[in-house]
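Residue numbers (my numbering), protein chains in the order written: chain V, 10 to 123; chain U, 16 to 130.
Here is the structure we will look at.
This is the structure in structure tokens:
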């Protein structure tokens with residue numbers, strides 16, 4: 010069966026500091042991968058998606074970036090955090106098959122920027 | 016801009032009652048619809064998917080789809096306090112220009128089941 014991991018689970022960072030969040034998927038090959046952010050009491054905002062190694066697309070302009078160095082690894086980064094970057098960051102995967110829409114979420118990382 | 020609308024709630028129902036959660040969507044071409052449950056502080060969990068008009072039942076959960084009215088609903092029978100959570104409606108969208116698909120999420124409806 011497939012499992013998805015995220016770490017760290019919780020992070021408190023000062024404004025202006027860098028960020029690196031990691032997501033890995035087990036039990037599947039060549040998944041589509043997604044990064045979402047959920048602000049307190051808000052819906053899910055799609056940040057990045059990836060259909061393969063090195064292939065990253067951004068949904069919204071921001072000071073975040075994403076990378077996919079390996080098939081089942083997805084990394085979210087920032088060089089300098091803003092207060093508005095606080096939120097619950099969720100990684101999700103789905104099978105590569107285009108007609109499949111179901112996404113499965115990791116446990117998430119709760120980021121507080123102070 | 017494709018949108019998914021949900022009443023934010025909270026929807027409060029007594030234990031044992033039927034909870035009815037509703038969702039409308041703007042993209043008439045959408046074909047895939049999902050309900051996720053999100054407990055406080057946790058990540059969303061997929062609980063139902065529906066693709067055809069009508070009802071789909073899974074245990075105490077029933078998803079209903081009406082494409083003509085662009086309306087999706089989730090019924091929870093015999094509601095339990097453990098059903099208290101935020102329920103997110105999601106609609107699948109195919110992005111032809113990028114050759115990929117994505118989900119558009121509603122903001123969620125908070126359900127509170129009281130004993």
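A virtual CB, placed ideally from N, CA and C, is assigned to each residue, including glycine.
Just so it is clear, the structure is predicted and the values come from calculations on it, not from any experiment.
At the level of alpha carbons, what is the spacing between residue 84 of chain V and residue 30 of chain V? Using only the alpha carbons, I get a separation of about 6 Å.
Quick one: list the residues of chain V neighbouring residue 122 of chain U, beta-carbon separation under 7 Å, in chain order. Taking the beta carbon of residue 122 of chain U as reference, the chain V residues within 7 Å of it are 51 and 52, listed in sequence order.
Just by C-beta distance, which residues in the stretch 98-118 of chain V are closer than 7 Å to chain U? Cβ contacts with chain U: 99, 107, 110, 111, 112, 113, 114, 115, 116 and 117.
Any C-beta of chain V under 7 Å from that of residue 89 of chain U: False, the Cβ-Cβ gap to chain V never drops below 7 Å.
Which residue from V/18, V/68, V/38 and V/56 puts its Cα closest to that of residue 103 of chain V? Selected option, being the one with the closest Cα: V/38.
C-beta contact flag for residue 85 of chain U and residue 40 of chain U at 7 Å: Cβ distance < 7 Å, so residue 85 of chain U and residue 40 of chain U count as in contact.
Look up residue 84 of chain U in the DSSP assignment and say whether it is helix, strand or coil. In the structure shown, residue 84 of chain U sits in coil (DSSP, three-state: anything other than H, G, I, E or B).
Out of U/110, U/101, U/56 and U/117, state which residue places its alpha-carbon closest to the alpha-carbon of residue 27 of chain U. Per the Cα distances, U/101.
Pull up the distance between the alpha-carbon of residue 104 of chain U and that of residue 53 of chain U, whole angstroms please. Each residue's alpha carbon lies about 11 Å from the other.
Which chain U residues are close to residue 60 of chain V, counting only those with a beta carbon under 7 Å from its beta carbon? What residue 60 of chain V touches in chain U, judged by beta-carbon distance under 7 Å, is 115, going in chain order.
Verify whether the separation of the beta carbon atoms of residue 28 of chain V and residue 86 of chain V is less than 7 Å. Taking 7 Å as the Cβ cut-off, residue 28 of chain V and residue 86 of chain V qualify as a contacting pair.
Would you list the residues sitting across from residue 46 of chain V in a DSSP beta bridge? In the DSSP output, where bridge partners are listed per residue, residue 46 of chain V has V/54 and V/98.
Please classify residue 94 of chain U as buried or exposed, where buried requires at least 16 neighbouring CB atoms within 10 angstroms. So residue 94 of chain U ends up on the buried side.
Kindly indicate if chain V contains any beta-carbon less than 7 Å away from that of residue 59 of chain U. When Cβ-Cβ separations below 7 Å define contact, residue 59 of chain U makes contact with chain V.
Is the Cβ-Cβ distance between residue 12 of chain V and residue 119 of chain V less than 7 Å? If you check the CB distance, residue 12 of chain V and residue 119 of chain V do not come in under 7 Å.
According to DSSP, is residue 97 of chain U helix, strand or coil? Residue 97 of chain U falls in the helix class under three-state DSSP.
Exposed or buried, residue 44 of chain V, counting other C-beta atoms within 10 Å across all chains shown (16 or more means buried)? Buried, since its Cβ has 16 or more Cβ neighbours within 10 Å.
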